[in-house]
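Student: To convert a position in the sequence shown, counted from 1, into the numbering used here, add 296. Below is a structure I'd like to ask you about.
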Amino acid sequence: MKIFLSTEHHLHNPPFELIDGRVVTYFETPQRVAIILQALADAGFASPIPAPAATLSDLAAVHTPDYLEYLSNASERWQTAGLSEPVFPSAWPLPGLRLRSDCPRAAAGRYMFDLSAPIIAGTFTAACSSAGAALAGAATLLAGDRYVYALCRPPGHHAASAMAGGYCYLNNAALAANLLAQSHTTGEVTWTLRTPPVAILDIDYHHGNGTQSIFYERNDVLTVSLHADPAFEYPYYLGFSDERGAGAGEGYNLNIPLPAGTDDTGYLKALDQALQAIADYAPRYLVVSAGFDTFAADPLGSFALTTAAYQAIGAAIAQLGLPTLVVQEGGYALQELGTNVVAFLRGVTSVC
Ligand code: SP5
Ligand code: ZN
297 MKIFLSTEHH LHNPPFELID GRVVTYFETP QRVAIILQAL ADAGFASPIP APAATLSDLA
357 AVHTPDYLEY LSNASERWQT AGLSEPVFPS AWPLPGLRLR SDCPRAAAGR YMFDLSAPII
417 AGTFTAACSS AGAALAGAAT LLAGDRYVYA LCRPPGHHAA SAMAGGYCYL NNAALAANLL
477 AQSHTTGEVT WTLRTPPVAI LDIDYHHGNG TQSIFYERND VLTVSLHADP AFEYPYYLGF
537 SDERGAGAGE GYNLNIPLPA GTDDTGYLKA LDQALQAIAD YAPRYLVVSA GFDTFAADPL
597 GSFALTTAAY QAIGAAIAQL GLPTLVVQEG GYALQELGTN VVAFLRGVTS VC
C-alpha cells in the first residue's frame, strides 16, 4: 500500500482555538502526523512518499476563486493591517447584515464558520501540501493501485467550496473524489455510460459537512457519512438523516447519525448499512474520510470504539472489493492514534 505524506504540514501549527467558548491548546497538532508515521514504520508499512503541493488550478475544481484568494492572502492581509496572528473571525454576516466590507476581520467572518480553523502564515502552504497528498493518492488509484493512504494534515472534510472550519481549509477527500470522477467522464465511453464513478465514506466522528455540501447536487459522487448526531454534536447545522441530496443529487447523500456512547457493536451495525448503500451504487472507486475521533478515549468524541474495531471497520470496507483511497481526517487521542490508524490499515489490506 502506497502512503502519501503532506510534507509541509508542520508549517500549520496554531497556538490555540476556542472550543465551546473557552481557549484551549490546538488539538489538531503536527504531533499527530509524527505519531502516525512512527506507528506505520514500527508496523512495517512502506515509507511515505512526499507528495507535491496542490496548485491553485487543482484546488479550483472544488473551491471558489474568491475563497482561494482569501485563504492564500489572509495571513498577509492580517499582518499588513497590524493585527496579530492567528487570523480568527470576530463576527459573522448572518442574514440581515451586509457582506461587503474590506476589513480583514469581516473577511474572516465570511469564510470561517467557527473558531477552530485559525490561519497563520504557513496555513495555506500546509493545506496545499495536504490536498496534494490526497490528489497523489487519487492519481495512484487511477494508475491501477488497489489501496492507497494519504496522510493528510490539516484535515479537510469540514471545508466547503468557500468555507473553512473544524481544523479544515481545503477539502482533501472531495478534491480526490472529484479527480476520480472527472477522469471517469473523460475515460472510456462504455464506463461513462454504465458505471457510477465514486463513493465517499466518511467515518470521522463528526459529520463531513463540507464534503456533503460540495457534492449535494451531484449524482456522480455518492456521499455517505456515519457520525455523532448533529442534534447534540458539532457541526450542529448539518448531518441529519433527512439530508438526502438535491436536484440531480437527490438520493445520493446518506447520513447515519449515531448517539453518544455508540460502541463497537452499534457502530459496526451502522457501518453495514452504509456499506450496503455503497454496494448498491456500485462505484468504480471508493474514497474513505478516515477519522479516529470515534475512539473511546478521544478528547473531542463521545463514542466508545476500541482499537480492535478499527481493524474490523477496515476489513468490512475492503470487502466491497473497490480500489480505495484512505484520506486522513481527525483523531485526537494522541497516545493511541498511531495504533488505531495501523489497525485500520491492517484491516483494509487484509482483504485482497
Ligand atoms: C476534522 C475534525 O475532526 N474536526 C473536528 C472539529 C471539532 N471542533 C469543535 C468541537 C466542539 C466540541 N464540543 C466537545 C465537547 C467535548 N466533550
Ligand atoms: Zn472529527
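Glycine included, every Cβ here is placed at the ideal spot set by N, Cα and C. These numbers come from a predicted model, not from an experiment.
Hey, how far is the Cα of residue 318 from the Cα of residue 554?
Tutor: 26 Å
Student: Straight-line CA distance for residue 536 to residue 421?
Tutor: 33 Å
Student: Rounded to whole angstroms, what's the CA-CA distance from residue 602 to residue 574? Just pull it up for me.
Tutor: 25 Å
Student: Please return the same chain residues whose Cβ sits closer than 6 Å to the Cβ of residue 486, not counting the five positions on each side in sequence.
Tutor: Residue confidence for residue 486 is low, a pLDDT of 49 falling below 50, so the modelled location carries little weight and cannot support an answer.
Student: Indicate, with yes or no, if ligand 1 has a heavy atom lying under 7 Å from the CB of residue 646.
Tutor: no
Student: Name the two residues that bound the continuous beta strand (DSSP E) containing residue 312.
Tutor: 312-315
Student: Starting from the Cα of residue 666, find the closest Cα among 540, 411, 589 and give me that residue.
Tutor: This structure cannot settle anything about residue 666, because the visible part of the chain is limited to 297 through 648.
Student: In the structure shown, what three-state DSSP assignment does residue 509 receive?
Tutor: helix
Student: So is residue 394 buried or exposed if we call it buried at 16+ other beta carbons inside 10 Å?
Tutor: exposed
Student: What first and last residue would you give for the alpha helix (DSSP H) that runs through residue 583?
Tutor: Element bounds for residue 583: not the alpha helix (DSSP H) but the beta strand (DSSP E), 581-586.
Student: Hey, out of 297, 577, 529, whose CA is closest to residue 441's CA?
Tutor: For the residues 297, 577, 529, the minimum Cα distance to residue 441 belongs to 297.
Student: If you drop the 5 nearest sequence neighbours on each side, which residues of the same chain put their C-beta closer than 6 Å to that of residue 390?
Tutor: Excluding residues within five positions, none has a Cβ falling inside 6 Å.
Student: If the criterion is Cβ atoms closer than 8 Å, does the pair residue 448 and residue 624 meet it?
Tutor: yes
Student: Can you check DSSP and say which residues form a bridge with residue 459?
Tutor: The bridge partners DSSP lists for residue 459 are 456.
Student: Using a Cβ-Cβ cut-off of 8 Å (strictly less than) and excluding sequence neighbours within five positions of residue 615, which residues of its own chain qualify?
Tutor: 571, 647
Student: Does the Cβ of residue 510 lie closer than 7 Å to at least one heavy atom of ligand 1?
Tutor: no
Student: Give the straight-line distance between the Cα atoms of residue 322 and residue 491, rounded to the nearest whole angstrom.
Tutor: 42 Å
Student: Among 591, 533, 576, 526, whose alpha-carbon lies nearest the alpha-carbon of residue 558?
Tutor: The residue with the shortest Cα to Cα distance from residue 558 is 591.
Student: Between which two residues does the beta strand (DSSP E) containing residue 498 stretch?
Tutor: Residue range 494-498 is occupied by the beta strand (DSSP E) that includes residue 498.
Student: With a 10 Å radius around its C-beta and 16 neighbouring C-beta atoms as the bar for buried, classify residue 303 as buried or exposed.
Tutor: buried
Student: With three or more beta-carbon pairs closer than 8 Å as the criterion, would you say the stretch 530-547 touches the stretch 580-590?
Tutor: Taking 8 Å as the limit for Cβ pairs, the verdict is that the stretch 580-590 does not touch the stretch 530-547.
Student: Anyone know if the C-beta pair for residue 593 and residue 629 falls short of 8 Å?
Tutor: Against a cut-off of 8 Å, the Cβ pair of residue 629 and residue 593 comes out as a contact.
Student: Looking at the structure shown, is residue 346 part of a helix, part of a strand, or coil, going by DSSP?
Tutor: In the structure shown, residue 346 sits in a strand (DSSP, three-state: E or B).
Student: Quick one: does the C-beta of residue 500 sit closer than 7 Å to a heavy atom of ligand 1?
Tutor: yes
Student: Could you have a look at residue 486 and say whether DSSP puts it in helix, strand or coil?
Tutor: With a pLDDT of 49 at residue 486, under the threshold of 50, the predicted position of this residue should be treated as unreliable, though the coordinate-derived value follows. Here residue 486 carries a helix assignment [DSSP, helix/strand/coil].
Student: If we call anything under 8 Å between Cβ atoms a contact, is residue 380 one with residue 405?
Tutor: no
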